[in-house]
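Last residue of the sequence shown: 84 in UniProt numbering, with the numbers rising by one and none dropped. For each residue, glycine too, the CB sits at the ideal point set by N, CA and C. Bear in mind that the values here come from a model prediction, so they are computed numbers and not experimental data.
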Amino acid sequence: MLCFYLVVQIKNKYLKIFYEKLTRYYCLSLERDLFDWIVLKFYGRIGTRLGQSRSVAFDTQEEAQRYFDKEHKRRLKRGHKVTA
1 MLCFYLVVQI
11 KNKYLKIFYE
21 KLTRYYCLSL
31 ERDLFDWIVL
41 KFYGRIGTRL
51 GQSRSVAFDT
61 QEEAQRYFDK
71 EHKRRLKRGH
81 KVTA
């Protein structure tokens, strides 16, 4: 399965993808921290200010990229659409 990314380069962010599914939103971001690589996940209901976030830290960029790819495929499999 080929993966296409919406790449946004903002300061330290390496990759960032926005998803939507009916009334839900999801954002997946791969960033560089001072010491390691971090995958950030933001999700919640569209139209509200409430939402949640999770972060997962990795020692190498390859590990973080594999996790990012896995989460991206998971979002697509669950019916989320990539938005800009």
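Start and end residues, alpha helix (DSSP H) containing PHE68: 61-77
Proximity to LYS41 [Cα-Cα], best of THR23, LYS81, GLN52, ASP33: GLN52
Buried versus exposed call for PHE68 [16 or more other C-beta atoms within 10 Å across all chains shown]: buried
Of the listed residues LEU50, ARG66, ARG49, nearest to ALA57 (C-alpha basis): ARG66
Nearest candidate by alpha-carbon position, reference GLU62, set ARG32, ARG74, GLY44, THR83: ARG32
Cβ-based burial, LYS77 [other Cβ within 10 Å; buried from 16]: exposed
Beta-carbon spacing of LYS73, LYS21 below 8 Å: no
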